[in-house]
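Peer 1:
Residue numbers (this note's numbering): 22 to 215.
1) Decide yes or no for the touch test of the segment 189 to 202 against the segment 136 to 154: beta carbon pairs closer than 8 Å, at least 3 of them.
2) Classify residue 207 as buried or exposed, calling it buried when 16 or more other Cβ atoms lie within 10 Å of its own Cβ.
3) Could you tell me which residues DSSP pairs with residue 28 in its beta bridges?
4) With DSSP collapsed to three states, give me the class of residue 105.
5) Could you tell me the distance, in whole angstroms, from the CA atom of residue 195 to the CA atom of residue 93?
6) Nearest to residue 141 by alpha carbon, out of 63, 173, 98?
7) Roughly how many angstroms separate the alpha carbons of residue 97 and residue 135, rounded to a whole number?
8) Which stretch, first to last residue, makes up the alpha helix (DSSP H) that contains residue 170?
9) Under 8 Å Cβ to Cβ from residue 26, same chain only, skipping five residues before and after it: list those, please.
10) Given that a residue counts as buried once 16 or more other Cβ atoms are within 10 Å of its Cβ, and exposed if not, what is residue 10?
11) Going along the chain, which residues of its own chain have a beta-carbon closer than 6 Å to the beta-carbon of residue 90, five neighbours each way excluded?
12) Suppose the cutoff is 8 Å on Cβ atoms and the five residues either side in sequence are ignored; what does the same chain contact list for residue 40 look like?
13) Can you give me the C-alpha to C-alpha distance between residue 73 and residue 127, rounded to a whole angstrom?
14) In its own chain, which residues sit with a C-beta less than 6 Å from the C-beta of residue 175, not counting the 5 before and 5 after it?
15) By how many angstroms is the C-alpha of residue 161 removed from the C-alpha of residue 53?
16) Please determine, among 121, 101, 63, 30, the residue with the shortest C-alpha to C-alpha distance to residue 177.
17) Under 8 Å by Cβ, that's how I've got residue 95 and residue 181 pegged, so tell me the actual separation to the nearest angstrom.
18) Is there at least one non-hydrogen atom of the ligand GTP closer than 6 Å to the beta-carbon of residue 194?
This is the structure:
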């Protein structure tokens with residue numbers, strides 16, 4: 022069968038009539054994947070020569086699940102903005118950095134090889150739109166692997182950060198936030214969108 026193309030059709034259900042139609046096609050395979058109430062649909066992405074299958078990111082972090090890890094504690098308004106930024110970050114491609122403030126998105130950086138580059142791009146986007154980042158908050162879809170990301174967002178004006186935590190260098194990153202007077206909270210879970 023070298024060089025032959027086989028088409029695969031995936032459906033939650035197949036009628037008898039559809040089975041009859043497809044049975045006459047030699048290079049078609051029909052697979053059923055039932056979607057039952059209460060189950061999560063899968064997210065499919067084509068990747069070089071294969072398929073990435075993942076469950077959708079449906080978890081929402083609540084206020085009482087946040088762990089404050091810095092000496093500076095976020096204000097009530099910052100917590101609200103952090104949770105909003107976290108929800109926005111869910112829909113941004115990885116290495117997501119999202120600046121928010123007063124219930125709105127100010128700048129987004131995504132899809133970079135480096136989280137610090139995403140942070141720089143997010144700040145540039147906000148500045149290009151003439152949006153002030155002074156006093157803003159930042160969400161990162163995954164942990165900051167180094168302090169440089171914290172340095173960049175703080176220099177842009179962010180005063181609070183939400184991130185999953187879990188880096189081998191968490192203490193360095195927390196130390197940078199403490200040094201810069203920035204509040205930081207950990208969610209304990211990450212977003213993952215590719």
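Even glycine gets a Cβ: it sits at the ideal position worked out from N, Cα and C.
Peer 2: Considering the structure as presented:
1) The segment 189 to 202 and the segment 136 to 154 do not touch, with fewer than 3 CB-CB distances between them shorter than 8 Å.
2) As a first step, residue 207 is located in the chain shown; it is residue number 186 there, counting from the start. By the 10 Å Cβ count, residue 207 comes out buried.
3) Taking the chain shown and counting its residues from 1, the one referred to as residue 28 is at position 7. Answer by DSSP bridge pairing, in chain order: 49.
4) Counted from its first residue, the chain shown places residue 105 at position 84. Note: residue 105 maps to helix in three-state DSSP.
5) Translated into positions along the chain shown, residue 195 becomes position 174. Translated into positions along the chain shown, residue 93 becomes position 72. When rounded, the distance between both Cα atoms is 11 Å.
6) Position 120 of the chain shown, counting from 1, holds the residue named residue 141. The closest CA to that of residue 141, considering only 63, 173, 98, is found on 173.
7) As a first step, residue 97 must be located in the chain shown, where it is residue number 76. As a first step, residue 135 must be located in the chain shown, where it is residue number 114. Pairing residue 97 with residue 135, the inter-Cα distance amounts to about 31 Å.
8) Position 149 of the chain shown, counted from the start, is the residue given in the question as residue 170. Per DSSP, residue 170 belongs to the alpha helix (DSSP H) from 169 to 177.
9) Locating residue 26 in the chain shown gives position 5, counting from the first residue. These residues qualify, in order along the chain: 48.
10) The structure shown does not extend to residue 10, since the chain is modelled only from 22 through 215, so no value can be given for it.
11) The residue given as residue 90 occupies position 69 in the chain shown. Excluding positions up to five away in sequence, the list reads 195, 205, 207.
12) On the chain shown, residue 40 is found 19 positions in, with the first residue counted as 1. Cβ neighbours of residue 40 beyond the five flanking positions: 51.
13) Taking the first residue of the chain shown as position 1, residue 73 is located at position 52. Taking the first residue of the chain shown as position 1, residue 127 is located at position 106. Approximately 31 Å, taken between the alpha carbons.
14) Working through the chain shown from its first residue, we reach residue 175 at position 154. Cβ neighbours of residue 175 beyond the five flanking positions: 201, 203.
15) Within the chain shown, the letter at position 32 stands for residue 53. Within the chain shown, the letter at position 140 stands for residue 161. Residue 161 has its alpha-carbon roughly 37 Å from the corresponding atom of residue 53.
16) As a first step, residue 177 is located in the chain shown; it is residue number 156 there, counting from the start. It is 121.
17) Numbered from its first residue, the chain shown carries residue 95 at position 74. Numbered from its first residue, the chain shown carries residue 181 at position 160. The Cβ separation is near 5 Å, so the contact holds.
18) In terms of ligand content, the structure shown is empty, and the ligand GTP therefore cannot be addressed.
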